[in-house]
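Residue numbers (our numbering): 664 to 1554.
Where is the CB? At the ideal position from N, CA and C, for every residue including glycine.
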């Protein structure tokens, strides 16, 4: 059994073996004959300035867009370089190779099509040669005939906020030239984005700089290790480098660097320094042998509903399957139901107690029950090899441990509504963690059989649903028998179809009594990696980081719980991933919603037979592809509202359900039909009206008489307002009354021709292998330059000494010797913001990354990275000579 997935630095599913569903290597298009090889995909709509400083080393620098504009796409995220003069970067003690230089490039021009709803944003990043001289720059917009439209200036001495610009009144859609100039203070890096107002608003939740969550300066939360008696000794607390401490419960302490009595208000500069000092202090606390974990005292805002959790705006996958409407019907989502997650385990602080309980990820803790570990001795990487009752995921280690795949899966199923992080599909359900994947994300068929038997517990199942985001097995008879016994005892078993883009059956998903789940992207298209075939039952959102199919300006990834152990001590975090592993927990969570609703309504229990009956009747899905069941989407995309309604025998409160849940005008059609189907008592629904968020979209009729069996409206796009090669997105708002209560729902609408993958470019990609020195500094020991072809980079390393390395890739557009700086593209293995070691031995390693100028949400809850300026690289062509080092900027 092998954990499979795709490593994407926006945090996608990683590891080359079973989790993420299915078997096979982590990348089907990468050769494995080299020691380390891989591909680097590029985030949708990404482009690069045509004349950047790193071209100097390759000997091909020339000014290409100073007088003649560079044609580019829209929407857009583009990084570039400008400098008012040429020169050599100052000496840097972190670089063993000096002499990195930059050319003069005072102006960049870009031609593209703009519409009145689009916003131009220009964010500037000083280089290490900028010095203290204020940066003076300007952004000018010209029409295609060379007439001035509008202009704005940038002065870093007064503000470093990004410049934003829109077409002024009186100007319509058409071709325009964006003119960027620097008059003083170079060299600089920059990122230029062009998006609609809705897309620009969505981008506010992402960042071009390394994310830093807000926390209390000079304060930390420390979890102490217990002694042999299971207690925390007073002497261990006293030994900490702290001025004050207070007990928070259990083994957790709140500690301060300075006494509260001398605390004072901090100025802006003081606060920045205090944050840096606090992070360094926390790193020292983590090294104390008596400390299990130490993290900042993060500042959170209390929330009270699933749609107001801080990261819910990133969870595009839920509206796609009508989940918010299902929550209105079932507000105690999944209460009383238990989902067993057979995977890598779940992240926790410290260790398990004698009963198997632990200090689980804070966004899961309230819902996690004591579980089981069935990983056999030869594959186990935790501190008690072999089966036991502790289902903690130990993360990466020197023996090739796992990632936090099971933590991510569990978050999609049942992350808690608690004011932090994400929302789970069945946020009131319980999670039963069962470890079946150990070293390198691997497990055995016998481990899985033991786990299934443990869940079954002699015909008294401990769970109502079993989620298996894993695969790669053959049709093992004993395994199928164990699954059949669970199904006979009333458990619904759900498994990932796999990520090889093939119709070849993969097990356990292909067993007849298992619900096999494929994956779609944000536009309801089959994900590029998803398996398909006659054995796949249905699909769910699994994401695809190479696409922005729903037009929200961000890559289609599934955001959920994670852990970051980049500092050596793991802390709770979040990440965006892709895979059929990510699709599967959507279905498992919805089964829990259905079972809860069946209990409340006294309708037939939702076992496997009942689920299949409803599925085949078309009552659980939004039909995609060919009418009825097909071999691409199975019975279609899971629909949470339909599923809850079906479980209640169509006996739910009156509500409107949209079909489709996302209207996609991608292509030549300019009209589509939207059905608003009443569920419940039709006569209780009154006052139905529809409003559009864009002038180019109309709904006819826009209001309805009461009591209709089906509220159907025709949506029409006014193509005279739209341009080719543009992306447009808006939302329809449907307002109505149900039994006297005002209700509303939104339906996303997108119109776009799509982003040509072959046109994507994130600049020259330097791929680095780095190690840690004894003093904590990092050393780049190997470097490769990735080759770009048809919008995808490839790279490989040979002759790498056995050992552990960090793997990163990124651009160096200003040629200052650092990749992954703000304004540069970056990919870290396995997750941006949470780099982890890979172990190099005799077995070839193949990885699949995605690079981006944006920094993902993956590190929002992990230790901030103040002072991180990037990875020091070697001069181009030096694949492993004199190492580049840095001592202050370790990940």
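Pairing residue 1345 with residue 1306, the inter-Cα distance amounts to about 19 angstroms. Cβ-Cβ distances below 7 angstroms link residue 1012 to 886, 955, 956 and 1022 in the same chain, with the five nearest sequence neighbours on each side left out; the list follows chain order. Leaving aside the five residues that flank residue 1191 on each side, the residues in its chain whose CB is nearer than 6 angstroms to its CB run, in chain order, 1207. Here the alpha carbons of residue 1010 and residue 1038 stand approximately 16 angstroms from one another. Taking a cut-off of 8 angstroms for Cβ pairs, the segment 1169 to 1181 and the segment 1215 to 1230 do not touch, as fewer than three such pairs fall below it.
Residue environment for residue 1119: buried (at least 16 other C-beta atoms within 10 angstroms of its C-beta). The Cβ atoms of residue 1457 and residue 706 do not sit closer than 8 angstroms to each other.
By the Cβ-count criterion, residue 1126 is buried, with 16 or more other Cβ atoms from all chains shown falling within 10 Å of its own Cβ. According to the DSSP assignment, residue 990 belongs to the alpha helix (DSSP H) that extends over 986 to 992. Per the coordinates, the alpha-carbon of residue 1035 lies some 36 angstroms from the alpha-carbon of residue 944.
For residue 1249, the enclosing alpha helix (DSSP H) stretches over residues 1243 to 1264. Membership of residue 1291 in any beta strand (DSSP E) is not indicated, and neither H nor E is assigned to it by DSSP. Residue 950 counts as exposed, since fewer than 16 other C-beta atoms from the protein chains shown sit within 10 angstroms of its C-beta. By DSSP's assignment, residue 1411 forms a beta bridge with 1394.
Only residues of its own chain outside the window of five on either side were considered, and among them 1097, 1099, 1114 and 1131 have a CB closer than 6 angstroms to the CB of residue 1005, listed in chain order. Under DSSP, the beta-bridge partners assigned to residue 1189 are 1183. When C-alpha distances from residue 711 are compared across 1469, 1466, 1509 and 1422, the shortest belongs to 1422. Here residue 754 is exposed, its C-beta having fewer than 16 other C-beta atoms within 10 Å.
Pairing residue 1278 with residue 1271 gives a Cβ-Cβ distance that is not under 8 angstroms. With contact defined as three or more Cβ pairs closer than 8 angstroms, the segment 1463 to 1473 and the segment 1492 to 1505 are in contact.
The C-alpha of residue 1323 lies about 10 angstroms from the C-alpha of residue 1335. The three-state reading of DSSP puts residue 718 in helix, counting H, G and I together. Exposed is the label assigned to residue 902, since fewer than 16 other Cβ atoms lie within 10 Å of its Cβ. Per DSSP, the unbroken beta strand (DSSP E) holding residue 1322 starts and ends at 1318 to 1322. The DSSP-derived three-state label of residue 1271 is helix. In this model, residue 980 and residue 763 are separated by some 44 angstroms (Cα to Cα). By the neighbour-count criterion, in which 16 or more other beta carbons inside 10 Å mark a residue as buried, residue 1414 falls on the buried side.
Residue environment: residue 725 is assigned as exposed (fewer than 16 neighbouring CB atoms within 10 Å of its CB, all protein chains considered). Excluding five sequence positions before and after residue 1476, the CB atoms of its chain that fall closer than 8 angstroms to its own CB belong to 711, 712, 715, 716, 717, 742, 743, 744, 852, 1426, 1486 and 1487, given in chain order.
For residue 1118, no beta strand (DSSP E) encloses it; the enclosing alpha helix (DSSP H) starts and ends at 1108 to 1119. The segment 976 to 994 makes contact with the segment 1080 to 1091: 3 or more CB pairs, one atom from each, lie closer than 8 angstroms.
With contacts defined by Cβ atoms closer than 8 angstroms, residue 787 and residue 857 do not form a contacting pair. About 12 angstroms separates the beta carbon of residue 1531 from that of residue 1482, a gap too long to meet the 8 angstroms contact definition.
Scanning 1454, 880, 986 and 1070 for the CA closest to the CA of residue 942 turns up 880.
Membership of residue 709 in the beta strand (DSSP E) is indicated by the continuous run 709 to 711.
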